[in-house]
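Trainee: Structure provided below as structure tokens; questions to follow.
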Ligand code: RP5
Ligand code: MG
Ligand code: MG
């Protein structure tokens with residue numbers, strides 16, 4: 096499969112900084128590329144130093160140098176891809192060149208860990224499971240991202256010290272069910288419904304994400320877990336409403352021609368294979 100496709104070429108997301116053009120056969124660090132001169136860019140929101148961001152790579156790192164390839168206090172700087180290289184004191188993208196240095200929109204040097212919940216049911220028409228080419232059609236919950244209007248799985252960043260199982264539930268609640276706008280009893284009731292659905296999940300992918308925000312020094316990684324509602328009764332009761340960084344939510348039929356954010360089509364394909372669904 097082609098590597099670093101969505102994080103190469105054009106302008107860096109939300110900026111006017113142009114990525115240094117990297118031809119397919121020059122992505123790998125091992126390919127000689129003496130003229131490679133990427134610009135450095137880290138978004139103002141990251142440089143402002145919110146809790147989710149590391150310090151800038153100033154001399155001495157403001158007394159808090161990142162412990163690369165380690166569990167650094169509550170911050171997990173280990174990669175699902177194995178040990179990554181640290182070159183001139185900075186983490187290096189394990190897949191290859193992206194045409195930009197720094198962190199861009201990402202808070203962490205090195206891996207930025209996310210979790211993606213893939214919630215599925217069978218497509219039913221008049222109560223009967225619909226089939227194509229003899230296989231049942233799987234549907235999944237998609238959200239429309241506010242940052243670029245692309246349809247995506249309702250995933251999000253794992254907070255420092257947070258368990259992935261909690262990130263999956265929290266992000267699904269925030270983005271697909273607008274849980275942040277609920278209070279008291281309503282939120283508690285919704286949480287119980289989510290917990291029931293999320294009690295048994297299966298991991299379909301763990302590793303690097305071809306995210307448009309990736310840079311030579313910072314990149315997205317995820318754990319994608321699928322939760323299937325065989326008879327559709329649990330998910331049928333959920334009050335879907337887009338929230339937080341999502342502006343739309345809907346059930347989408349899974350099939351090979353679908354276009355989704357970052358590497359999400361790949362996670363969906365793995366889910367369809369796991370369920371022996373049409374693809
Ligand atoms: C993707 O970005 C991951 O697969 C996950 O869906 C998402 C996490 O970032 P935010 O949704 O928090 O922007 O790489
Ligand atoms: Mg979110
Ligand atoms: Mg998100």
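In this note's numbering, the protein residues as written are 96 to 374.
Cβ atoms here follow ideal geometry from the backbone N, Cα and C, with glycine treated the same way.
#1: Closer than 8 angstroms is the cut-off here; do at least three beta carbon pairs connect the segment 332-344 with the segment 230-246?
#2: Kindly give me the distance between the Cβ atoms of residue 198 and residue 137, rounded to whole angstroms, as I take these residues to be in contact under 8 angstroms.
#3: Just to confirm, are residue 311 and residue 195 a CB contact at a threshold of 8 angstroms?
#4: Verify whether the separation of the beta carbon atoms of residue 320 and residue 212 is less than 8 angstroms.
#5: Whole angstroms is fine: what's the gap from residue 274's alpha carbon to residue 306's?
#6: Determine the closest residue to residue 336 out of 230, 285, 350, 360, with distance taken between C-alpha atoms.
#7: With a floor of 3 residues, list each beta strand (DSSP E) that falls wholly inside the segment 194-277, ordered by position along the chain.
#8: Keeping to the same chain, check which residues put their C-beta closer than 8 angstroms to that of residue 110; ignore five residues upstream and five downstream.
#9: Would residue 106 and residue 245 qualify as a contact pair, given that the criterion is a beta-carbon distance under 8 angstroms?
#10: I need the DSSP call for residue 289, collapsed to helix, strand or coil.
#11: Beta-carbon distances below 6 angstroms to any heavy atom of ligand 5 define the shell here; list its residues in chain order, please.
#12: Give the single residue among 216, 132, 359, 301 whose Cα lies nearest to the Cα of residue 177.
#13: Quick one: which unbroken beta strand (DSSP E) runs of 3-plus residues sit fully inside the segment 282-354? Chain order, please.
#14: Just to check, is the beta-carbon of residue 38 closer than 7 angstroms to a non-hydrogen atom of ligand 1?
#15: Secondary structure at residue 360, three-state DSSP: helix, strand or coil?
#16: Which class does residue 141 belong to by DSSP, given the choice of helix, strand or coil?
#17: Compute the distance between the beta-carbons of residue 371 and residue 218, then report whether it is under 8 angstroms.
#18: Would you mind stating whether residue 163 and residue 182 have Cβ atoms separated by less than 8 angstroms?
#19: Which residues share a DSSP beta bridge with residue 182?
#20: Taking Cβ to Cβ, would you say residue 268 is nearer than 8 angstroms to residue 248?
#21: Can you tell me which of the three DSSP states residue 167 falls into?
#22: For a quick check, are the C-beta atoms of residue 255 and residue 169 less than 8 angstroms apart?
#23: Determine which residues share a DSSP beta bridge with residue 135 and list them.
#24: Taking 6 angstroms as the limit between beta carbons, can you name the residues of its chain near residue 363, skipping five residues before and five after?
#25: Would you kindly work out how many angstroms separate the C-alpha atoms of residue 140 and residue 201, rounded to a whole number?
#26: Nearest to residue 345 by alpha carbon, out of 331, 358, 351?
#27: Within a Cβ cutoff of 6 angstroms, which residues of the same chain sit near residue 323, ignoring the five residues on either side of it in sequence?
#28: Can you say whether residue 159 is buried or exposed, counting buried as having 16 or more other CB atoms within 10 angstroms of its CB?
#29: Do you know offhand how far residue 128's Cα is from residue 224's?
Mentor: In brief:
#1: They touch, by the three-pair rule.
#2: The residue given as residue 198 occupies position 103 in the chain shown. The residue given as residue 137 occupies position 42 in the chain shown. Right, their Cβ atoms sit about 5 angstroms apart.
#3: In the chain shown, residue 311 corresponds to position 216, counting from 1. In the chain shown, residue 195 corresponds to position 100, counting from 1. Residue 311 places its beta carbon less than 8 angstroms from that of residue 195.
#4: Within the chain shown, the letter at position 225 stands for residue 320. Within the chain shown, the letter at position 117 stands for residue 212. The Cβ atoms of residue 320 and residue 212 sit closer than 8 angstroms to each other.
#5: For the purposes of this step, residue 274 is taken as the residue at position 179 of the chain shown. For the purposes of this step, residue 306 is taken as the residue at position 211 of the chain shown. One alpha carbon belongs to residue 274, the other to residue 306, and they sit about 26 angstroms apart.
#6: Taking the chain shown and counting its residues from 1, the one referred to as residue 336 is at position 241. Nearest of 230, 285, 350, 360 to residue 336, Cα basis: 285.
#7: Fully enclosed beta strand (DSSP E) runs of 3 or longer: 195-199, 205-217, 233-240.
#8: Looking up residue 110 in the chain shown gives position 15. Within the same chain, residue 110 has close Cβ partners 136, 138, 199.
#9: Residue mapping note: residue 106 aligns to position 11 of the chain shown, counting from 1. Residue mapping note: residue 245 aligns to position 150 of the chain shown, counting from 1. Going by C-beta atoms, residue 106 is not nearer than 8 angstroms to residue 245.
#10: For this step, residue 289 is matched to residue 194 along the chain shown. In the three-state scheme derived from DSSP, where H, G and I count as helix and E and B as strand, residue 289 is classed as helix.
#11: Ligands present in the displayed structure are limited to ligand 1, ligand 2 and ligand 3, and ligand 5 is not among them.
#12: Mapped onto the chain shown, residue 177 falls at position 82. In this structure, 301 is the residue among 216, 132, 359, 301 with its C-alpha nearest to the C-alpha of residue 177.
#13: Correct list: 297-304, 313-324, 341-348.
#14: Nothing about residue 38 can be reported from this structure: the residues present for the chain run from 96 to 374 only.
#15: In the chain shown, residue 360 corresponds to position 265, counting from 1. Helix at residue 360.
#16: Indexing the chain shown from 1 puts residue 141 at position 46. Reduced to three states, the DSSP call for residue 141 is helix.
#17: For this step, residue 371 is matched to residue 276 along the chain shown. For this step, residue 218 is matched to residue 123 along the chain shown. The answer is no: Cβ separation not under 8 angstroms.
#18: For the purposes of this step, residue 163 is identified with residue 68 of the chain shown, where counting begins at 1. For the purposes of this step, residue 182 is identified with residue 87 of the chain shown, where counting begins at 1. Cβ distance not < 8 angstroms, so residue 163 and residue 182 don't count as in contact.
#19: On the chain shown, position 87 is the one that residue 182 refers to. Under DSSP, the beta-bridge partners assigned to residue 182 are 185.
#20: As a working note, residue 268 is residue 173 in the chain shown. As a working note, residue 248 is residue 153 in the chain shown. Taking 8 angstroms as the Cβ cut-off, residue 268 and residue 248 do not qualify as a contacting pair.
#21: As a position in the chain shown, residue 167 is number 72, starting the count at 1. It is a strand residue.
#22: Residue 255 sits at position 160 when you count from the first residue of the chain shown. Residue 169 sits at position 74 when you count from the first residue of the chain shown. Taking 8 angstroms as the cut-off, the Cβ atoms of residue 255 and residue 169 count as close.
#23: Here residue 135 refers to the residue found at position 40 when the chain shown is read from its first residue. In DSSP, residue 135 forms a bridge with 196.
#24: As a working mapping, residue 363 is identified with position 268 in the chain shown. The residues are 349.
#25: One-based indexing of the chain shown puts residue 140 at position 45. One-based indexing of the chain shown puts residue 201 at position 106. Distance between the alpha carbons of residue 140 and residue 201 is about 10 angstroms.
#26: In the chain shown, counting from the first residue as 1, residue 345 sits at position 250. Nearest to residue 345 by alpha-carbon distance, out of 331, 358, 351, is 331.
#27: Within the chain shown, the letter at position 228 stands for residue 323. When the five nearest sequence neighbours on each side are left out, the beta carbons in the same chain lying within less than 6 angstroms of the beta carbon of residue 323 are those of 215, in order along the chain.
#28: For the purposes of this step, residue 159 is taken as the residue at position 64 of the chain shown. Around the beta carbon of residue 159, fewer than 16 other beta carbons sit within 10 angstroms, so the residue counts as exposed.
#29: What you label residue 128 is simply residue 33 of the chain shown in a count that begins at 1. What you label residue 224 is simply residue 129 of the chain shown in a count that begins at 1. When rounded, the distance between both Cα atoms is 53 angstroms.
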